[in-house]
Amino acid sequence: MTSWLLPLAEINRLWYAVPLIVSISLVYGATRHELWTPILDHALRFALWIVVFMSIFFVVLFLVSWWL
Numbered sequence: 265m266t267s268w269l270l271p272l273a274e275i276n277r278l279w280y281a282v283p284l285i286v287s288i289s290l291v292y293g294a295t296r297h298e299l300w301t302p303i304l305d306h307a308l309r310f311a312l313w314i315v316v317f318m319s320i321f322f323v324v325l326f327l328v329s330w331w332l
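In the numbering used here, the protein residues as written are 265 to 332.
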């Protein structure tokens, strides 16, 4: 691969996280509630929490790898 395609190959791997985050959030929300509106509200908040946590973890790993 050429050097400008390598970042695109890494971004494609991140697309596997989207259905995983959605399914985990919906299942976790459904274990807490029975109606659709609270399930979707809880799933949205939980998905946002997962994305923020993953982003913080990514930044920490990026800074550690940049420093080393």
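Using N, Cα and C, we set each Cβ at its ideal position, and we do this for glycine too. Source: prediction; values computed, not measured.
Exercise. Should SER289 be labelled buried (16 or more other beta-carbon atoms within 10 Å of its own) or exposed?
Worked result: Classification of SER289: buried, given that the 10 Å Cβ count is 16 or more.
Problem set entry | C-alpha gap between ALA281 and LEU327, whole angstroms | Between the alpha carbons of ALA281 and LEU327 lies a gap of roughly 22 Å.
Exercise. With respect to the alpha helix (DSSP H) encompassing TRP313, which residues constitute its N-terminal and C-terminal limits?
Worked result: Under the DSSP assignment, TRP313 falls in the alpha helix (DSSP H) whose first and last residues are 300-331.
For this session: Evaluate ILE320 with the Cβ neighbour count: other Cβ atoms within 10 Å of its Cβ, from every protein chain shown; 16 or more gives buried, anything less gives exposed.
Result: So ILE320 counts as exposed.
For this session: Whole angstroms is fine: what's the gap from TYR292's alpha carbon to LEU325's?
Result: As the crow flies, the alpha-carbon of TYR292 is around 27 Å from that of LEU325.
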